[in-house]
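Numbering follows the UniProt record's numbering, in which position 102 of the sequence shown is assigned residue number 102; successive positions increment by one, without gaps.
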Amino acid sequence: MIHFTQLRRYLPRLDEAWLQPLDEQARDYVQYYGIDFDRRVEGLTQSIGRFDSGDFELVGQCFILDVEAPSCYVVHGYYDHAGLYKHLIEWCLGRGYNVVLFDLPGHGLSSGHAASIDDFDCYIAALNKLLLWSATRLTGKKILFGQSTGSAAIMSYLLSRPHNIDRTVLMAPLVRPHMWSSMRWLHKLAKRFTSTLRRTFTMNSHDAEFLDFLHRRDPLQCRQQPVRWVTSMSQWIPWFLAQPETRLRILVVQGTGDYTVDWRYNLSVIRRKFPLARIVQVEGMRHHVVCESEFYREQVFSEVQRYLQDY
């Protein structure tokens with residue numbers, strides 16, 4: 001079996017992979033992460049391939065039931081990758097939605113320095129590139145899902161670029177991280193002496209099996225914290241705060257047990273940027289919303305279903 005970190009070089013271009021069955025090498029990957037839904041969902045075509053965004057070669061995945069059905073575009077969080085999002089993919093497919101997602105630069109199967117980025121705009125550009133690529137292939141409504149940093153990319157996209165997005169779901173959105181004042185001071189000190197710090201795995205979910213997998217059995221996890229990523233985030237924050245508001249009716253789902261982002265501050269900012277947002281706080285839920293325990297996931301998906309039905 002090819003090591004997953006090297007899988008990208010063996011994948012076809014996303015154009016070539018479109019609506020084509022998975023090959024043997026990709027099959028190992030999807031089975032390992034439990035996202036081999038083409039073996040479980042009747043009528044589903046699942047494909048994976050490479051596409052370019054700026055200087056990056058990214059890997060996108062498509063789970064297609066009907067090109068005219070609504071499509072969910074998923075942007076993962078920091079340190080994450082598409083393989084971890086099986087619960088969200090399954091929920092979307094179960095409701096007849098297509099799913100399109102990709103690994104951000106420096107994450108998962110995509111190219112780039114591991115867990116690092118020079119400019120958050122690279123994340124926004126990658127999302128824009130995938131949406132443009134799919135525009136002629138998927139004709140139904142467009143629904144965006146973002147987790148944490150993925151939500152930051154989505155909010156930035158919505159506030160700064162023309163678009164035709166129908167619905168948006170933000171989960172534990174990042175504006176600034178937990179204890180940002182202390183982190184900013186430590187960052188200024190650390191960048192004088194080192195380019196990376198050791199990553200600390202946190203209890204960001206109630207799902208103990210997921211946390212163990214992340215820490216011990218996920219070969220696509222980065223074990224370091226690049227200082228450059230924090231620099232880029234610190235440069236993005238004032239840019240984001242300067243953006244004008246929009247009247248979009250988005251859904252924001254946030255757990256009160258989240259110690260990864262500064263969620264109280266973040267929600268106050270999001271209320272100003274998106275004054276028509278529906279904001280739902282889930283008592284006790286931790287940061288990794290899409291990989292929380294079933295008890296919390298059910299609450300989240302219930303809110304998402306209600307939001308998608310209401311508008």
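Where a beta carbon is used, it is the ideal one built from N, C-alpha and C, also for glycine.
In terms of Cβ geometry, Val290 and Leu170 do not form a close pair [threshold 7 Å]. Annotated as proximal: Ala172 and Gln254, with beta-carbon spacing under 7 Å.
In terms of Cα proximity to Leu159, the closest of Leu308, Ser181, Arg272 is Arg272. At the C-beta level, Leu127 and Tyr157 come within 7 Å of one another. If you look at Asn128, you'll find it in the alpha helix (DSSP H) that goes 121-134. Here DSSP, grouped into helix, strand and coil, assigns Cys222 to coil.
When DSSP reads this structure, Thr168 sits in a beta bridge with Leu144. Less than 7 Å divides the Cβ of Cys72 from the Cβ of Tyr97. Approximately 4 Å separates the beta-carbon atoms of His287 and Asp258; this is inside 8 Å, confirming the contact. Counting of Cβ neighbours within 10 angstroms places Ser47 among the buried residues, the total reaching 16 or more.
The beta carbon of Val67 sits closer than 8 Å to the beta carbons of Asn98, Arg137, Leu138, Thr139, Gly140 from its chain, once the five residues preceding and following it are set aside; these are given in chain order. At the C-beta level, Gly54 and Ala125 come within 7 Å of one another.
Secondary structure within the segment 189-220: the beta strand (DSSP E) runs of 3 or more consecutive residues, fully enclosed, are 196-198 (chain order). For Gly94, the enclosing alpha helix (DSSP H) starts and ends at 86-94. Under the DSSP assignment, Thr231 falls in the alpha helix (DSSP H) whose first and last residues are 227-241. In chain order, Asp36 place their CB closer than 8 Å to the CB of Arg27, counting only its own chain and leaving out the 5 sequence neighbours on each side. Contact annotation, Val30 with Gly108: C-beta distance approximately 13 Å; criterion of less than 8 Å not satisfied. Here Tyr78 is buried, its C-beta having at least 16 other C-beta atoms within 10 Å.
Going by beta carbons, Phe145 and Val74 fall inside the 7 Å limit. For Thr45, the uninterrupted beta strand (DSSP E) segment begins and ends at 45-53. For Gly255, the enclosing beta strand (DSSP E) has its first and last residue at 251-255. In the structure shown, Phe301 adopts helical secondary structure according to DSSP, grouped into three states. Residue pairing of Arg13 in beta bridges, as defined by DSSP: Arg50.
One Cα belongs to Ser181, the other to Arg199, and the distance between them is close to 19 Å. Only residues of its own chain outside the window of five on either side were considered, and among them Arg50, Ser111 have a CB closer than 6 Å to the CB of Glu57, listed in chain order.
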